[in-house]
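Student: Under mature numbering (1 follows the signal peptide of the UniProt record, and there is no 0), read the sequence shown as residues -20 to -1, 1 to 526, first letter to last. Cβ coordinates follow ideal geometry from the N, Cα and C atoms, glycine included. Take this structure, written in structure tokens, and hold onto it; I'll ask about it next.
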Amino acid sequence: MATVNRRGFLSAAGLTGASAALTPYLPFSATDETPSSSPSPDADPADKGTIVIAATSRVRSLDPALAVDTESERICRQIYESLIGIDRETGAAAPALATEWEVSDDGLTYTFQLQPDVTFHDGTQLSADVVVANIERWGRLNEIYGTEAENGTSLAFPSVFGGFLDSEECVLESVEAEDETTVVLTLTEPVSYLLQALTLPAFGIASAERISDDDPDLLEREPAGSGPYRLTAREDGNVTLEAFEEYWGGAPAVPRIQVNSVPKSFDRLRDLTRGAADVYEYITADNLRPLVQAGRQILQRDPFSILYLGFNLEHPVMSDLTVREAAARAVERNELMAGLFLDGTRPAHQFVPAALGVHSEEVPRYSRNLAEAQRLLEESDYDGEPLVFYYPMRTTRSYLPQPEAVFARIARDLTAAGFVIQPRPVVWDEGYLERMLGDDQRAMHLLGRNGGYRSPHSFLGPLFSQSTAEFRYDSEELRQLLAEARAELDDEARDELYRQAADILAADMPAVPLVYPISGLALGSKVVDYPMSPVLHERFDDIVPS
């Protein structure tokens, strides 16, 4: 019987791995002259049993706990499986590695029964001890990789459970292997969204043979999960996946999947047109017409992402709320959307999409008011010094389809209000997040988030439940509200707490919500259907080939 108890870690902070840096992104170099990495039409992508997906950026990490970008998460969903899955028809929690579960009346104890006879890609077997080992590792990532695990982009475990295992704020009290197929999680406080959160790819269960404190990067180099596909090749950020013959859920209909990094939208369109790709991911508005004219099948996801204009609150200019409000009043959202986002995209004034039903009626809607923006700037201490504004290049994100054009429109609006903008473009695959987060001179930046599960916490928790390098913003009142919402089991009371959180964010303005984008993809003739999901829970074994 294996047990991990949080109390055993409270005194261990900083004792191991203190010199290691958390590196969920793999370094590489690229230039504007880099050709599309997808195969040419003459290359013939293997055979008719291969489906080629033209994705948008390179895979950064195949360690699911460290995968924080959507392309890495996409691949991790195929290799690893979580205890809980998502029903494609209803969006509700569904069995995955756990066949069933029971939650105590007080919401503090979760008992999971595991699937029998599940084999990992390395031939080892799933057991309760393996699940415990994985959960224990997630809770110690800050020890394994050093303090940088707690900075920058928030990882899933501390966001969901309130902190790592060595933190007093962590609400995971213990995890126990009761027997070979039974896992029991015990909490100190309820986590109202826990079942939904456990569907995240970050909580994918890996073979215990690949998780090692002595060699913490072993799983990244040699991924081994229990999913329907196993990794067979990885080169220049592209990956090849082969169907796992011993998959407990049955053999996938597509025996081989090739996922290529094709940053430019036009290149993805070209590859689809020439037959070098079968799925064109994240279509952009400027390429929609030729797709329609060619009779391509186009699938769109329900809006479940947010694009925002972020501020560095430790910047001497942006620390002034008056300046931030001037920026909010300068941007014209409707014009921003025109021609740059797919139809169905909506203006955003709060960080949580309206579909989750927690919009506050008290939050002001900052429509464009150039005169007011100019007045606010004149009242502030801003004297026209250049403000560094980061934005990504050569990428398409679910929340940012054409970043260069979006930046240009926002910069134009800000300039008209009196801001002096110093553009700082960075190619996404050349470390946009790292460079943006690490620049103390940064004033503004463009970024967004796709919701990973259907709870307001999926948006608010990772962004604001702790101070991060992105905003340098820390509100004790907001953190307390989010903690109360996490523990609140009554739906109406919890929704009201999230509305109060929205009010605080609107008052403090660490960022300005801009739009709730629509994203979508186009299919070639070899694909009949693709498993669309607003939370991007899209498994390749659900692809229907022609």
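Please give me, in chain order, every unbroken run of the alpha helix (DSSP H) with length at least 4 that falls completely inside the stretch 278 to 333.
Tutor: Listed in chain order, the complete alpha helix (DSSP H) runs (minimum 4 residues) inside the stretch 278 to 333 are 301 to 310, 313 to 317.
Student: Opposite S172 in the DSSP bridges: which residues?
Tutor: The sequence position of residue 172 within the sequence shown is 192, counting from 1. The partner list for S172 (beta bridge, DSSP) is empty, contrary to what the question assumes.
Student: What residues in its chain sit with their C-beta under 6 Å from that of R309, if we drop five residues either side in the sequence?
Tutor: For the purposes of this step, residue 309 is taken as the residue at position 329 of the sequence shown. Only Y346, N349, E352, A353 meet the Cβ criterion.
Student: Suppose contacts are defined by Cβ-Cβ distances below 7 Å. Is C56 in contact with G143 by that definition?
Tutor: For the purposes of this step, residue 56 is taken as the residue at position 76 of the sequence shown. For the purposes of this step, residue 143 is taken as the residue at position 163 of the sequence shown. Not closer than 7 Å, so no.
Student: Check Y370 in the structure and name its three-state DSSP category.
Tutor: Against the sequence shown, residue 370 aligns to sequence position 390. Reduced to three states, the DSSP call for Y370 is strand.
Student: Less than 8 Å between the CB atoms is what I'm expecting for N267 and L249, so what's the real figure, rounded?
Tutor: In the sequence shown, residue 267 corresponds to position 287, counting from 1. In the sequence shown, residue 249 corresponds to position 269, counting from 1. So it is a contact: roughly 5 Å between Cβ atoms.
Student: Please classify A257 as buried or exposed, where buried requires at least 16 other C-beta atoms within 10 Å of its C-beta.
Tutor: Start at 1 with the first residue of the sequence shown, and residue 257 comes out as number 277. A257 should be labelled buried.
Student: Quick one: Cα of G207 to Cα of I191, how far?
Tutor: Taking the first residue of the sequence shown as position 1, residue 207 is located at position 227. Taking the first residue of the sequence shown as position 1, residue 191 is located at position 211. Roughly 17 Å separates the two Cα atoms.
Student: Pull up the distance between the alpha-carbon of A449 and that of P525, whole angstroms please.
Tutor: Taking the first residue of the sequence shown as position 1, residue 449 is located at position 469. Taking the first residue of the sequence shown as position 1, residue 525 is located at position 545. Cα to Cα, the separation comes out at about 43 Å.
Student: Using three-state DSSP, classify N218 as helix, strand or coil.
Tutor: Your numbering for residue 218 matches position 238 in the sequence shown. Three-state DSSP puts N218 in a strand.
Student: With the cut-off set at 7 Å, would you say T36 and Y262 are in Cβ contact?
Tutor: As a working note, residue 36 is residue 56 in the sequence shown. As a working note, residue 262 is residue 282 in the sequence shown. It is a contact, given that the beta carbons lie within the stated cut-off.
Student: Would a C-beta distance cut-off of 7 Å place L320 and V400 closer than the cut-off?
Tutor: One-based indexing of the sequence shown puts residue 320 at position 340. One-based indexing of the sequence shown puts residue 400 at position 420. No, they are not a contact pair.
Student: Since T91 sits in a beta bridge, which residues does DSSP pair it with?
Tutor: Start at 1 with the first residue of the sequence shown, and residue 91 comes out as number 111. E82, V164, per the DSSP bridge assignment.
Student: Under 8 Å by Cβ, that's how I've got R236 and T220 pegged, so tell me the actual separation to the nearest angstrom.
Tutor: Here residue 236 refers to the residue found at position 256 when the sequence shown is read from its first residue. Here residue 220 refers to the residue found at position 240 when the sequence shown is read from its first residue. Contact holds; Cβ gap of about 7 Å.
Student: What residues are listed by DSSP as bridge partners for Q238?
Tutor: If you number the sequence shown from 1, residue 238 lands on position 258. The partner list for Q238 (beta bridge, DSSP) reads V32, T220.
Student: Whose C-alpha, out of F100, Y173, R54, L42, is nearest the C-alpha of L440?
Tutor: Working through the sequence shown from its first residue, we reach residue 440 at position 460. Taking only the C-alpha atoms, the option nearest L440 is Y173.
Student: Do you know offhand how far V515's Cα is from A318's?
Tutor: The count along the sequence shown starts at 1 and reaches residue 515 at position 535. The count along the sequence shown starts at 1 and reaches residue 318 at position 338. Going by the C-alpha atoms only, they are around 25 Å apart.
Student: Is the beta carbon of T264 sitting closer than 7 Å to the one on S241?
Tutor: Reading the sequence shown from its first residue, position 284 is the one you call residue 264. Reading the sequence shown from its first residue, position 261 is the one you call residue 241. Cβ distance not < 7 Å, so T264 and S241 don't count as in contact.
Student: Assess contact between the stretch 477 to 491 and the stretch 217 to 233, defined as three or more Cβ pairs (one per stretch) separated by less than 8 Å. Is contact present?
Tutor: Judged by Cβ distances under 8 Å, the stretch 477 to 491 makes no contact with the stretch 217 to 233, as fewer than three pairs qualify.
Student: Nearest-angstrom Cα distance between H295 and A423?
Tutor: Taking the sequence shown and counting its residues from 1, the one referred to as residue 295 is at position 315. Taking the sequence shown and counting its residues from 1, the one referred to as residue 423 is at position 443. Straight-line Cα distance between these residues: approximately 6 Å.
Student: Using 10 angstroms around the beta-carbon of D159, count the other beta-carbons present and answer buried if the total reaches 16, otherwise exposed.
Tutor: As a working note, residue 159 is residue 179 in the sequence shown. Exposed, since its Cβ has fewer than 16 Cβ neighbours within 10 Å.
Student: Evaluate contact between the stretch 284 to 291 and the stretch 399 to 414, counting only Cβ atoms and requiring at least three cross-stretch pairs below 8 Å.
Tutor: They do not touch, by the three-pair rule.
Student: By the 10 Å Cβ neighbour count, where 16 or more other Cβ atoms means buried, how is A306 classified, buried or exposed?
Tutor: Numbered from its first residue, the sequence shown carries residue 306 at position 326. Label assigned to A306: buried.
Student: Please report the distance separating the alpha-carbon of L501 from that of Y510.
Tutor: As a working note, residue 501 is residue 521 in the sequence shown. As a working note, residue 510 is residue 530 in the sequence shown. Spanning the two alpha carbons is a distance of roughly 9 Å.
Student: When you compare only the Cα positions, how much space is there between G87 and W81?
Tutor: To locate residue 87, count along the sequence shown from 1; it is residue 107. To locate residue 81, count along the sequence shown from 1; it is residue 101. Those two C-alpha atoms are separated by around 12 Å.
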